[in-house]
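In what follows, a structure is listed as structure tokens, so that the remarks can point back to it.
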Amino acid sequence: MPYVQCNGADLYYEDHGEGPPIIFLHGVMCGLRFFEPQLAGLSNEYRTVAVDFRGHGRSEKIEVGHTVAQYARDLHTFLKQRDLEDVVLVGWSMGAFVSWDYVDQFDTERVLGLVNVDIEASRFQWDDYDYGLTDLEGLEDTLALVQEDQTTFINRLTEQVFSNPTTEMRTLQFDETSRTPTPIKSAILFDALTRDYRAVLPKIDVPMLVCAGADETRGTGTVAAVRHVADLVPEATFELFEGCGHCPPIEQPGRFNRVVSQFIETL
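Numbering (UniProt numbering), first residue to last: 1 to 267.
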């Protein structure tokens, strides 16, 4: 299995196909397996690359560095080591945060475009922000559940991620979330849930495709919250996935692949 060391952590990655490179960035406590339909399905036209963040998936379970900012620095090192330029960064959930933090730290010299998959500018309920998902009390409850009852936590997470979770989706979520050790879960959850990119998004100078799942019954945010990201980015297009939850790459892979491909063709 291929690994590359980035800033002291051995990161697992997959690299398929040839052509314009697409880099897939997974969500919190997940892994690159959530992009298997894209790694295979788009590799006839593109070079499809995905990496497990430190502490996630099959990457090294290093104890330190579990912030979105550090994951972005790891991504920067990964792109340099793999000599990847003119990339499209496809970030699902926290993966989009990583892509925005990457741009904030390193600009867009290596980046041709961005894809945001179903995440708001921030998940926290700031006083001046209408789209927050959690407050301090909710964050405390989440972190307590992570520490005290992993099975219940993962089951609740699955119901929030997928609109109509199949057995395969439940297994994928359980297997991948279980790979991340509990202390790492707590560290990155706290960091990701308190990030705020409202000041960063208006500075992004490459096109962004913003994708939202239409099912608002899952408790993971609203369409309006995701659409707000498109409103903040100077050059953004918005795509709504009807009948879909928080994970279009798994729930509607065929349509998601087509939408991403069509976006890339405009760059």
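Even glycine gets a Cβ: it sits at the ideal position worked out from N, Cα and C. Only a predicted model underlies this, so the values are computations on that prediction, with no experimental measurement involved.
Between which two residues does the alpha helix (DSSP H) holding I184 run?
As a first step, residue 184 must be located in the sequence shown, where it is residue number 184. For I184, the enclosing alpha helix (DSSP H) covers residues T182 to L193.
Of all the beta strand (DSSP E) runs that stay within the bounds of the segment 71-129, which reach a length of 3 or more residues?
87-92 and 111-117
Do you know whose CA, among E14, R82 and V51, lies nearest Y71's CA?
As a position in the sequence shown, residue 71 is number 71, starting the count at 1. Of E14, R82 and V51, the residue nearest in Cα terms is V51.
Just to confirm my understanding: we take L11, look at its own chain, exclude 5 residues before and 5 after, and list those with CB closer than 8 Å. What are they?
Here residue 11 corresponds to residue number 11 of the sequence shown, with the count starting at 1. Y3, V4, Q5, V51, D52, F53, R54, S59, E60, D74 and F78, listed in sequence order.
Candidates D130, Q262 and T182: which alpha carbon is nearest F153's?
The count along the sequence shown starts at 1 and reaches residue 153 at position 153. When only C-alpha atoms are compared, the closest one is T182.
Got a sec: is the Cβ-Cβ distance from D175 to anything in chain D below 8 Å?
Going by chain labels, chain D is absent from the structure shown, which holds only one protein chain.
On the CB-based measure, 16 or more other CB atoms within 10 Å of its CB, does Q81 come out buried or exposed?
Within the sequence shown, numbered from 1, the residue matching residue 81 stands at position 81. Result: exposed.
Proximal residues to H76 (C-beta, below 8 Å), its chain only, five neighbours per side dropped:
Locating residue 76 in the sequence shown gives position 76, counting from the first residue. Once the five neighbours on either side are set aside, the close Cβ partners of H76 are Y102, Q105 and F106.
According to DSSP, what are the bridge partners of F238?
If you number the sequence shown from 1, residue 238 lands on position 238. F238 is bridged to V210.
So, helix, strand or coil for V4, using DSSP?
To locate residue 4, count along the sequence shown from 1; it is residue 4. Looking at V4 - three-state DSSP - the assignment turns out to be strand.
Considering only residues of the same chain and omitting the five flanking positions on each side of G31, which have a CB-CB separation below 6 Å?
Against the sequence shown, residue 31 aligns to sequence position 31. Contacts found: D52, H56, G57 and E176.
Going residue by residue through the segment 43-67, where are the continuous beta strand (DSSP E) segments of at least 3 residues, counting only ones entirely within it?
47-51
Among Y131, F35 and Q125, whose alpha-carbon lies nearest the alpha-carbon of A224?
Your numbering for residue 224 matches position 224 in the sequence shown. It is Y131 whose Cα lies nearest to the Cα of A224.
Looking only at its chain, what residues have a beta carbon closer than 8 Å to the beta carbon of E239, apart from the 5 residues adjacent to it on each side?
Residue numbering aside, residue 239 sits at position 239 when the sequence shown is read from its first letter. The answer, listed in chain order, is L209, V210, C211, A212 and V259.
Whole-number beta carbon distance between E251 and F162, since they are thought to touch under 8 Å:
Here residue 162 refers to the residue found at position 162 when the sequence shown is read from its first residue. Here residue 251 refers to the residue found at position 251 when the sequence shown is read from its first residue. About 6 Å separates the two Cβ atoms, so the contact holds.
In this structure, how does DSSP classify F24 when only helix, strand and coil are distinguished?
For the purposes of this step, residue 24 is identified with residue 24 of the sequence shown, where counting begins at 1. F24 falls in the strand class under three-state DSSP.
Per-residue DSSP class, three states only, for L133
As a position in the sequence shown, residue 133 is number 133, starting the count at 1. Of the three classes helix, strand and coil, the one that applies to L133 here is coil, per DSSP.
CA-CA distance, D196 and V68?
Here residue 196 corresponds to residue number 196 of the sequence shown, with the count starting at 1. Here residue 68 corresponds to residue number 68 of the sequence shown, with the count starting at 1. Answer to the nearest angstrom: the Cα atoms are 11 Å apart.
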